[in-house]
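Q: This is the structure I want to talk about, given as structure tokens.
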Amino acid sequence: MTAADMVVIEGDRHTTVMLAGELDRASCRDVEPRLRALSGRPLVLDFSGVSFIDVDGLRMVHQCARGTALALVGVHPFVARLFRILRLDAHVPLCRSMEEALWCLLPRTDEEIRDWLS
Numbered sequence: 050m051t052a053a054d055m056v057v058i059e060g061d062r063h064t065t066v067m068l069a070g071e072l073d074r075a076s077c078r079d080v081e082p083r084l085r086a087l088s089g090r091p092l093v094l095d096f097s098g099v100s101f102i103d104v105d106g107l108r109m110v111h112q113c114a115r116g117t118a119l120a121l122v123g124v125h126p127f128v129a130r131l132f133r134i135l136r137l138d139a140h141v142p143l144c145r146s147m148e149e150a151l152w153c154l155l156p157r158t159d160e161e162i163r164d165w166l167s
């Protein structure tokens, strides 16, 4: 049995989720519903503590990006390569810093800006 730890930090306008451990089929069963519960706000996933990810983990991140502003930071080179090969980085920005991730979360339309400010 593998495990993943998850720490949630609520900011003023976004939520940061620090993940650690392995994101595989077994751990995603626990992590995915918790991530979905946070999907109402812009979300930064900090992957610096993720030591392994499989197809279920990749799928979970991709599904989390649907309908939610999402950016990743702290992605290890091998994981970043997987995102690029599978073209998941077109939907989920891989950022070098928290500041860059927050820029990626900015709303792009007037309606999104109004929702974000309310």
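For the record, in the sequence shown the residue sitting at position 57 is 106 according to my numbering, with numbers rising by one throughout. The beta-carbon is built from N, C-alpha and C at its ideal position, and this holds for glycine as well.
1) Nearest-angstrom Cα distance between Gly123 and Ser146?
2) Just list the alpha helix (DSSP H) runs in the stretch 60-128, keeping only unbroken ones of 4 residues or longer that don't cross its boundaries, in chain order.
3) For the alpha helix (DSSP H) containing Leu137, name the first residue and the last one.
4) In angstroms, rounded to a whole number, what distance separates the CA positions of Ala52 and Ile58?
5) Are the C-beta of Leu121 and some C-beta of chain D separated by less than 8 Å?
6) Looking at the unbroken alpha helix (DSSP H) that takes in Ala52, where does it start and where does it end?
7) Would you mind stating whether Gly70 and Val99 have Cβ atoms separated by less than 8 Å?
8) Please go through the same chain and pick out, in chain order, the residues whose beta-carbon is closer than 7 Å to the beta-carbon of His140, but skip the five residues on each side of it.
9) At what residues does the alpha helix (DSSP H) containing Leu151 begin and finish?
10) Starting from Ile58, follow its DSSP beta bridges and name the residues at the other end.
A: This is what the structure gives:
1) As a first step, residue 123 must be located in the sequence shown, where it is residue number 74. As a first step, residue 146 must be located in the sequence shown, where it is residue number 97. C-alpha separation (whole angstroms): 7 Å.
2) 74-86, 104-113
3) If you number the sequence shown from 1, residue 137 lands on position 88. Element bounds for Leu137: n/a, residue is neither H nor E.
4) Along the sequence shown, one-based indexing puts residue 52 at 3. Along the sequence shown, one-based indexing puts residue 58 at 9. So the alpha carbons of these two residues sit roughly 20 Å apart.
5) Of the chains in the structure shown, none is chain D; there is only one protein chain.
6) Taking the first residue of the sequence shown as 1, we reach residue 52 at position 3. Neither: Ala52 is in no alpha helix (DSSP H) and is coded neither H nor E.
7) Working through the sequence shown from its first residue, we reach residue 70 at position 21. Working through the sequence shown from its first residue, we reach residue 99 at position 50. Contact: yes.
8) In the sequence shown, residue 140 corresponds to position 91, counting from 1. Here the set comprises His111, Ala114.
9) As a working mapping, residue 151 is identified with position 102 in the sequence shown. From DSSP, the alpha helix (DSSP H) with Leu151 extends over 147-153.
10) By one-based count along the sequence shown, residue 58 stands at place 9. In DSSP, Ile58 forms a bridge with Thr65.
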